[in-house]
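Following: one structure in structure tokens, then a few remarks.
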Amino acid sequence: FDEHAPPRARAGSWRAAVTSLSAAVARGFAPDVMGARRPRLPLPVLDAARRGDAGAVRKALRGGADPNEHLLDGWRPLHYACDIGNAAVVHELLASRAPVHVDAAEAGAGATPLLLAVDAFGDVDLRAASTRIAEMLVRAGADVNKTDDSGTSPLHVAAKRGAADTVRMLIGAYAKPSPVKTSTGQTPLHQACLGSGSGSGAGAFAGVADGSAEVVSVLAGAGADVDCQDLLGHTPLHCCAMMDKSEAAVRLLSLGADASIVDFQGLTAAELAARKDNKPLGRRITSTNLSLRRLWLVMLVQLIKRRRAVQQRRFAGAPADASSSSSHVGGSSTAAAGALRIRAPAVPSQPPWSAA
206 FDEHAPPRAR
216 AGSWRAAVTS
226 LSAAVARGFA
236 PDVMGARRPR
246 LPLPVLDAAR
256 RGDAGAVRKA
266 LRGGADPNEH
276 LLDGWRPLHY
286 ACDIGNAAVV
296 HELLASRAPV
306 HVDAAEAGAG
316 ATPLLLAVDA
326 FGDVDLRAAS
336 TRIAEMLVRA
346 GADVNKTDDS
356 GTSPLHVAAK
366 RGAADTVRML
376 IGAYAKPSPV
386 KTSTGQTPLH
396 QACLGSGSGS
406 GAGAFAGVAD
416 GSAEVVSVLA
426 GAGADVDCQD
436 LLGHTPLHCC
446 AMMDKSEAAV
456 RLLSLGADAS
466 IVDFQGLTAA
476 ELAARKDNKP
486 LGRRITSTNL
496 SLRRLWLVML
506 VQLIKRRRAV
516 QQRRFAGAPA
526 DASSSSSHVG
536 GSSTAAAGAL
546 RIRAPAVPSQ
556 PPWSAA
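Following the numbering used here from start to finish, the sequence shown increments by one per residue and tops out at 561.
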């Protein structure tokens, strides 16, 4: 299976590979002895969770059934409930008297129930159910930083889906936005900019808007590195250029992303956009970068002028009134803070599309 595919797809491909063997074991065949048979073990909770039957799950658990029962693929009832987005079944499982293994990893790609829960796509109702289930798992003690075999964390998945509410919830539960990386060196911020929806804001599915820009703001506000590079040298801004994420690109630039960084092919984000036949986005990246650079210079000049005026008053012996002094100090602090947030990266002398 493809280790870079989403957890749901990777887990599904593994399940397809072991379906025959699991079915044989369920019918009574022992996998270690060819042709040997043994009595079939009843798995009432697993079967009910597969069907999404919360009532049957409750009945089986009250009868003493094991909430962690599973076959060879490692999928437990909680995996199935999270995979189909059934909050009622999840509630019944977590309310069981027997302890439930909320961080159990399935045998294929190592996906946990929380990873499957946040991997919601489709309509708005399914995404809302996904967030509720993720909250239930976190309250039950699920590890928000546990990754699958490819290094993908729940925050990676939620960010790629553009689920800002889920991202906030995970960060509130101490999920690490940086420097957790996948096997390809990507952070949750990279995943947010790659996204599963289109850059136009229509989203990958009807009724689901592209939340990349909002997720970018949430992750950056939590301390994510806006200039982190993956194994190909791509920054989140490069990812926006590849996926036509104009709003997310502008948001990154306003947060101080450096548009002059090149990937391992020597391309800036604007040049990559032009190479992808997306010259409008390349122009927008460059023009926004220039505007922010001018703003940074204006703020710097204002800061210098204000400090010079304060120094001249001190040398002249003219005491500045308290309100004026405080306003100068406050203005300087605000300008300085703005200058620190907005960096002035080098701007290419010739835009990549000018030769076209």
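From the three backbone atoms N, C-alpha and C, an ideal C-beta is built for every residue, glycine too.
Query	Result
Three-state secondary structure assigned by DSSP to K264	helix
Limits of the unbroken alpha helix (DSSP H) element including Y285	282–289
L424 burial status per 10 Å Cβ neighbour count (16 or more: buried)	buried
Cβ shell of G240 (< 7 Å), same chain only, five flanking positions each side left out	Any reading at G240 must be qualified, since the residue scores a pLDDT of 45, below 50, and its modelled position is unreliable; the value itself is stated next. Excluding sequence neighbours, G240 sits near nothing in its chain.
Same chain, Cβ closer than 7 Å to G390, five either side skipped, listed in chain order	D435, L436
Of the residues A310, R263, A259, A479, the one placed nearest H284, counting alpha carbons only	A310
For L457, the nearest candidate out of C444, D468, F469, V467 (CA to CA)	C444
Burial state of V503, where buried means 16 or more other Cβ atoms lie within 10 Å	exposed
Sub-8 Å separation of S490 and A446 beta-carbons	Per the sequence presented here, residue 490 reads as Ile, with Ser not at that position. Going by C-beta atoms, I490 is nearer than 8 Å to A446.
Contact check, A325 vs G377, beta carbons under 8 Å	no
Per-residue DSSP class, three states only, for K381	coil
Buried or exposed by the 16-neighbour rule on C-beta atoms within 10 Å, applied to V238	At V238 the pLDDT is 43, less than 50, meaning the model places this residue with poor confidence and gives no usable figure here.
8 Å Cβ cutoff, G356 in contact with chain B	Absent from the structure: chain B. Only one protein chain is present.
Own chain partners of S532 with C-beta closer than 7 Å, once the 5 adjacent residues on each side are dropped	For S532, the predicted structure reports a pLDDT of 46, less than 50, and the residue's modelled location is therefore unreliable. A value from the coordinates is still provided. So no residue of the chain qualifies.
Three-state secondary structure assigned by DSSP to D308	coil
Inter-residue CB distance, P318 and C287 (contact presumed, cutoff 8 Å)	4 Å
Close-in-space but distant-in-sequence residues of the same chain around S537 (CB under 6 Å, 5 per side omitted)	With a pLDDT of 46 at S537, under the threshold of 50, the predicted position of this residue should be treated as unreliable, though the coordinate-derived value follows. Taken in chain order, the residues that qualify are L508, R511.
Separation of T440 from R488, as counted between CA atoms	18 Å
Same chain only: Cβ atoms within 8 Å of Y379, ignoring 5 sequence neighbours per side	V349, N350
H296 - DSSP class collapsed to helix/strand/coil	helix
Proximity to E340 [Cα-Cα], best of G313, L375, P282	L375
Under 8 Å between C-beta atoms of S335 and V343	no
For G367, three-class secondary structure by DSSP	coil
Contacting residues, own chain, Cβ-Cβ under 6 Å from A303 (five flanking each side not counted)	P272
CB-CB length for G251 against E274, believed under 8 Å	The residue asked about is misnamed: residue 251 is Leu in this sequence, not Gly. Going by Cβ atoms, the distance from L251 to E274 rounds to 5 Å, so yes, they are a contact pair.
Span separating the alpha-carbon of R281 from that of R255	9 Å
Within 8 Å, strictly: CB atoms of V431 and A397	no
Nearest to D482 (by Cα), restricted to the options V515, M448, S465, G315	M448
Nearest-angstrom Cβ-Cβ length linking L486 and S451, presumed shorter than 8 Å	6 Å
In chain order, each beta strand (DSSP E) run of at least 3 residues that lies wholly inside the segment 453–505	none
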